[in-house]
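Residue numbers (our numbering): 8 to 237. For each residue, glycine too, the CB sits at the ideal point set by N, CA and C. Here the structure comes first, spelled out in structure tokens, and everything after it is commentary.
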């Protein structure tokens with residue numbers, strides 16, 4: 008049995024999890040509680056040609072990244088003074104490394120290059136933050152601090168990710184990953200601990216979409232794998 012994420016309910020019409028106010032008969036699911044902020048969602052119906060997610064590459068060593076980790080507020084400068092007492096010549100060279108600039112005084116903003124790196128801005132001062140390994144920053148609304156699965160977020164030009172922290176059956180500490188022994192099963196990893204999950208009969212796990220779909224829609228399903236749901 009599969010459970011929807013916290014705050015979502017199962018919609019038997021679309022056969023997917025959705026917000027209670029989008030499912031007939033579940034509008035009063037929250038009762039007196041305040042519902043979570045409503046994020047922009049793609050249409051509940053399955054797209055004809057879904058855009059498949061491809062994991063960004065692990066970042067290569069970059070000088071800007073190495074300097075940036077020392078401190079968000081640190082400006083590295085190298086000043087060289089050369090004085091000539093005879094003619095009064097002064098040679099001054101300065102090197103400075105620019106830091107992230109907050110677009111507004113307050114909010115949460117994505118790093119322009121790394122998809123799981125973001126900044127919390129307060130009074131125009133940025134504080135560098137990092138999503139858990141396997142998650143990326145969702146930059147749809149700067150009012151909310153939200154890290155999500157990579158197949159939910161469009162990273163665009165933010166092509167880098169932190170170095171993976173793999174464990175048994177988990178390529179990264181968090182996420183949904185294919186089971187190499189069966190395309191009808193997958194691993195749900197949370198903080199490096201893997202739980203084996205099975206798709207419903209007739210469905211197969213599509214790692215690029217992060218969900219179970221009809222087998223004919225999942226590339227290479229059943230080819231060279233053992234169809235087992237142990």
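Listed in chain order, the non-local C-beta contacts of residue 176 below 6 angstroms within the same chain comprise 194 and 201, local neighbours out to five positions each way being set aside. Residue 144 is a Cβ neighbour of residue 117, given a cutoff of 9 angstroms. Within 10 angstroms of the beta-carbon of residue 9 lie fewer than 16 other beta-carbons, which makes it exposed.
For residue 167, there is no enclosing beta strand (DSSP E), as DSSP marks it with neither H nor E. In the displayed model, residue 223 falls within a helix according to three-state DSSP. Rounded to whole angstroms, the gap between the alpha carbons of residue 28 and residue 11 is 15 angstroms. Across the set 18, 209 and 114, the C-alpha of 114 shows the shortest separation from the C-alpha of residue 147.
Residue 180 is not a Cβ neighbour of residue 123, given a cutoff of 9 angstroms.
Residues of the same chain with a CB within less than 8 angstroms of the CB of residue 172, apart from the 5 flanking positions on each side, are 140, 179, 180 and 199 in chain order. For the stretch 96–164, the full-length beta strand (DSSP E) segments reaching 3 residues or more read 96–100, 114–117, 124–129 and 132–137 along the chain. About 13 angstroms separates the beta carbons of residue 213 and residue 207, which is beyond the 8 angstroms limit, so they are not a contact pair. Under the DSSP definition of a beta bridge, residue 196 partners with 182 and 201. Less than 9 angstroms divides the Cβ of residue 211 from the Cβ of residue 228.
With respect to the 9 angstroms criterion, residue 127 and residue 119 are not classified as neighbours on the basis of their beta carbons.
A direct Cα-to-Cα measurement between residue 184 and residue 216 gives close to 11 angstroms. Between residue 108 and residue 129, the gap from beta carbon to beta carbon reaches 9 angstroms or more. Distance check between residue 163 and each of 121, 16 and 106 places 121 closest, using alpha-carbon atoms only.
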